[in-house]
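K.L.:
Numbering (our numbering), first residue to last: 32 to 345.
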């Protein structure tokens, strides 16, 4: 796989989250140094994004003074300030849908980031207002400067704490980037179980599973949070989830690793629990289930599920 190397200094500081006196907040220093992404020595070369390639970044670790490694995400923009849409560009498709910057799908806890070139191309398209690949018909892909920065954060933190310990790096300029048409689309998973007859999750049964797909929301592409609402008939609340239609074993996600159902119970019309995989084949089962509509939210990144009884869907 071709790699384009962006180099920055690697800081070997160790970091760890420990409890403060009130046992609620991490005993970490709020980072202030944004200079953890250096301008690459060959920044003025031409970067040609390729479908099967990747772009490698290396970065320093911000000065948190704790041992837990942060998560790194890459943001791209066509504006050096990351604040506005390039409305005067011939490459702009829709000013209404265009973003001042886009955070790509890839994340890592390592200071070496091998970002798929497709993710970078997707980010460029988002900055130009493309929402579907068909919109590229007859149009030229972007060629020009791209601005890059890294966001360091801790996904386990929420609210004010998440903001307190999140920091964006300095901006690196790549003056000459040749992109290609690529638009990030919502991912999906499949609900497999009693409601659809326990048909094998295989390509030969793809038509059956078209009506049993959970999707990432349009504003949550790349989050691995999938949502779908389905009618579950009497006595048929037994199911697990599959990321691909590759058979029973490889891409299964469920309540436990063993191929045995785990009984669950709704409380106030809701259930929250854990999910594991791939290769987890334990189903979620509600004994004596009474027919109803259920909204399923499956978060594969966090390893959690939320099921909620909802009003009928017309």
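Glycine residues also receive a C-beta, built at the ideal position from the N, C-alpha and C atoms.
Note that the structure is predicted; figures quoted are calculated from it, not measured.
(1) In this structure, how does DSSP classify residue 259 when only helix, strand and coil are distinguished?
(2) If I follow the unbroken alpha helix (DSSP H) through residue 192, where does it start and stop?
(3) Can residue 258 and residue 321 be called in contact, C-beta distance under 7 angstroms?
(4) Restricting to runs no shorter than 3 residues, where is the beta strand (DSSP E) found entirely within the stretch 228-316?
(5) With a threshold of 8 angstroms, are at least 3 pairs of Cβ atoms found where one atom belongs to the stretch 281-295 and the other to the stretch 248-264?
(6) Run through DSSP, which three-state label would residue 225 get?
(7) How is the beta strand (DSSP E) around residue 3 delimited, first residue to last?
(8) For the putative contact between residue 172 and residue 86, defined by C-beta atoms under 8 angstroms, what is the C-beta separation to the nearest angstrom?
(9) Considering just the uninterrupted stretch of the beta strand (DSSP E) at residue 85, what are its terminal residues?
(10) Could you tell me the alpha carbon to alpha carbon distance between residue 216 and residue 249, rounded to whole angstroms?
(11) Taking C-alpha atoms, which residue in 139, 176, 299 lies nearest to residue 100?
(12) With DSSP as the reference, identify every bridge partner of residue 208, one or two as the case may be.
(13) Between the Cα of residue 274 and those of 117, 134, 219, spot the shortest distance and give me the residue it belongs to.
(14) For the beta strand (DSSP E) containing residue 165, name the first residue and the last one.
(15) Are the stretch 115-129 and the stretch 64-77 in contact at 8 angstroms, needing three or more beta carbon pairs?
(16) Could you have a look at residue 59 and say whether DSSP puts it in helix, strand or coil?
(17) What is the residue span of the alpha helix (DSSP H) that residue 155 lies within?
(18) Go ahead and label residue 98 buried or exposed: buried means 16 or more other beta carbons lie within 10 angstroms of its beta carbon, across all protein chains shown.
(19) Give the DSSP bridge partners of residue 106, in chain order.
(20) Output needed for residue 316: all residues of its chain with C-beta closer than 6 angstroms, excluding positions within five of it in sequence on either side, in chain order.
(21) Tell me the rounded alpha-carbon separation between residue 221 and residue 319.
(22) With a Cβ-Cβ cutoff of 7 angstroms, do residue 136 and residue 150 count as a contact?
(23) Output the distance between the C-alpha atoms of residue 313 and residue 296, rounded to the nearest integer angstrom.
P.N.:
Judging by the given coordinates:
(1) strand
(2) 190-195
(3) no
(4) 244-246, 256-263, 269-273, 301-305
(5) no
(6) helix
(7) Look at the range of the chain in this structure, 32 to 345, and you will see that residue 3 is not part of it.
(8) With a Cβ gap of about 16 angstroms, residue 172 and residue 86 do not count as contacting.
(9) 85-89
(10) 8 angstroms
(11) 139
(12) 78, 175
(13) 219
(14) Taken as a continuous stretch (DSSP letters only), residue 165 belongs to no beta strand (DSSP E), as it is neither H nor E.
(15) no
(16) coil
(17) 148-158
(18) exposed
(19) 134, 180
(20) 269, 292, 294
(21) 24 angstroms
(22) yes
(23) 16 angstroms
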